[in-house]
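**Q** Can you read through this structure? Questions will come right after.
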Amino acid sequence: MAAVTSSFSLSTLSQCSQRKNLSLSSSTRFLGTNSDSFRLGPNFSLLYVAVRASDSASRVIVRCSSSLSDIPTVSETKLGFLKAYKRPIPSIYNSVLQELIVQHHLMRYKRSYQYDPVFALGFVTVYDQLMEGYPSDEDRDAIFQAYINALKEDPERYRADAQKLEEWARAQNSTSLIEFSSREGEVEGILKDIAERAGAKGNFSYSRFFAIGLFRLLELANAMEPTILEKLCAALNVNKRSVDRDLDVYRNLLSKLVQAKELLREYVDREKKKREERSEPQKANEAITKCLGQQQISALK
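Counting in full-length UniProt numbering, the sequence shown runs from 1 upward without gaps.
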């Protein structure tokens, strides 16, 4: 089986057995008109095909294929992240990051997944919103690198593609944004490819990050009218109801993050004030001691 790449696809894994469900237990048996398929283990399958001849004899064709052997588990992805970034992360950020990486893993290793820059823009938007105000910019970038590398993708590609789409969107308006198919350009080509794959219903995997990427394009182009989103979804062959649903979830997440960060700031301010209050008596004692010491020195003179 081919090695996993940044444009990972599982479509070839099912060509031998033509099965859609690859997660059944080893005891499951699939029956067809003239073929049987058996699961021998989590990473191996065997297809048995009986072809009946005119004399009622049969001959057996056996094909073997490995499957899913290169796909890590969610636990392995999370462990990879923790190994890549070993410093402690404040709980307000870490709890959301852990949930995010689980969702991202499930999107990343979905059978129909194929990386695209709109997806990357959506994730980068979510990540930057989540990590806004993080104590260290250097650590924030290091966490991003560890996170994407744990998913066996390229963090530099995510950042570069997100920046490319952001720059393009800033130069658009409500009309030009939805008329990408009639123009030439690098980003226009990216959107045309997405529209083609989404329309084919086979090599495109819609996700929440994709919806957020669309929202970010509209935001940067100052094209926030609901009709523009509807037209853009139609041009990309994407279900607008799904986009609306996921954008509602995203808005709720942002609202909760704002509240949580406000609580964190209040906590930090309280702790700072307490430290200052505790330090005041100590400073007073030090001042008194210093003053007394100077007086004693003067007396000796």
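Yeah, the Cβ is synthetic: ideal placement off N, Cα and C, and Gly gets one too.
Are the CB atoms of Tyr-158 and Phe-210 nearer to each other than 9 Å?
**A** Along the sequence shown, one-based indexing puts residue 158 at 158. Along the sequence shown, one-based indexing puts residue 210 at 210. For Tyr-158 and Phe-210, no; Cβs fall outside 9 Å.
**Q** Would you mind listing the alpha helix (DSSP H) stretches within the stretch 96 to 175 that are 4+ residues and don't spill past its ends, in chain order?
**A** 117 to 130, 137 to 150, 155 to 170
**Q** Going by other Cβ atoms of all chains shown within 10 Å of its Cβ, with 16 needed for buried, is Val-62 buried or exposed?
**A** Along the sequence shown, one-based indexing puts residue 62 at 62. Low confidence applies here, because Val-62 scores a pLDDT of 40, under 50, leaving its location unreliable; read the following figure in that light. Exposed: under 16 other Cβ atoms inside 10 Å.
**Q** Rounded to whole angstroms, what's the CA-CA distance from Phe-144 to Arg-278? Just pull it up for me.
**A** Translated into positions along the sequence shown, residue 144 becomes position 144. Translated into positions along the sequence shown, residue 278 becomes position 278. Answer to the nearest angstrom: the Cα atoms are 38 Å apart.
**Q** Does the count of Cβ pairs from the stretch 246 to 265 and the stretch 191 to 201 closer than 8 Å reach three?
**A** no
**Q** Compute the distance between the beta-carbons of Thr-73 and Ala-150, then report whether it is under 9 Å.
**A** Translated into positions along the sequence shown, residue 73 becomes position 73. Translated into positions along the sequence shown, residue 150 becomes position 150. Result no, Cβ atoms of Thr-73 and Ala-150 do not sit closer than 9 Å.
**Q** Ala-53 by DSSP, collapsed to three states: which one?
**A** Residue numbering aside, residue 53 sits at position 53 when the sequence shown is read from its first letter. Residue placement at Ala-53 is flagged as unreliable, the pLDDT there being 41, under the threshold of 50; a coordinate-derived value is accordingly withheld.
**Q** I think Tyr-113 touches Met-107, with their Cβ atoms under 8 Å apart; what is that distance to the nearest whole Å?
**A** What you label residue 113 is simply residue 113 of the sequence shown in a count that begins at 1. What you label residue 107 is simply residue 107 of the sequence shown in a count that begins at 1. At roughly 6 Å, the Cβ-Cβ gap stays under 8 Å, so Tyr-113 and Met-107 are in contact.
**Q** Could you work out which residue in Gln-163, His-104, Arg-245, Tyr-93 is closest to Glu-132 when comparing CA atoms only?
**A** Locating residue 132 in the sequence shown gives position 132, where the first residue counts as 1. Glu-132 has its Cα closest to that of Tyr-93, out of Gln-163, His-104, Arg-245, Tyr-93.
**Q** Let me know the secondary structure DSSP gives Glu-262 once reduced to three states.
**A** One-based indexing of the sequence shown puts residue 262 at position 262. Helix.
**Q** Looking at C-alpha atoms only, which residue of Leu-264, Ile-148, Asp-141, Thr-227 is the closest neighbour of Leu-100?
**A** Here residue 100 is taken as the residue at index 100 of the sequence shown, counted from 1. Minimum Cα distance to Leu-100 is reached at Ile-148.
**Q** For the ligand FMN, I want to know if Val-243 counts as a neighbour, meaning its beta carbon is within less than 8 Å of at least one of the ligand's heavy atoms.
**A** Within the structure as shown, the ligand FMN is missing, as the structure has no ligands at all.
**Q** According to DSSP, simplified to helix, strand and coil, what is Lys-201?
**A** Here residue 201 refers to the residue found at position 201 of the sequence shown. Residue state, collapsed to three classes: coil.
**Q** Would you grab the beta carbon distance between Arg-216 and Thr-125 for me? Rounded to a whole angstrom, and I think it's under 8 Å.
**A** In the sequence shown, residue 216 corresponds to position 216, counting from 1. In the sequence shown, residue 125 corresponds to position 125, counting from 1. Contact flag correct, Cβ pair sits at about 5 Å.
**Q** Hey, is the stretch 136 to 143 in contact with the stretch 81 to 91, meaning 3+ C-beta pairs nearer than 8 Å?
**A** yes
**Q** Beta-carbon within less than 8 Å of Val-118's beta-carbon, same chain only, minus the 5 sequence neighbours each way: which residues are those?
**A** Numbered from its first residue, the sequence shown carries residue 118 at position 118. Leu-165, Ile-190, Leu-191, Ile-194, Phe-210, Gly-213, Leu-214, Leu-217, listed in sequence order.
**Q** Quick check on DSSP: helix, strand or coil for Ser-181?
**A** Residue numbering aside, residue 181 sits at position 181 when the sequence shown is read from its first letter. Of the three classes helix, strand and coil, the one that applies to Ser-181 here is helix, per DSSP.
**Q** What's the C-alpha gap between Leu-97 and Pro-90?
**A** Looking up residue 97 in the sequence shown gives position 97. Looking up residue 90 in the sequence shown gives position 90. Straight-line measurement puts the Cα of Pro-90 at about 11 Å from the Cα of Leu-97.
**Q** Checking 9 Å against the spacing of the C-beta atoms, do Phe-180 and Glu-186 come in under that value?
**A** Locating residue 180 in the sequence shown gives position 180, counting from the first residue. Locating residue 186 in the sequence shown gives position 186, counting from the first residue. Against a cut-off of 9 Å, the Cβ pair of Glu-186 and Phe-180 comes out as no contact.
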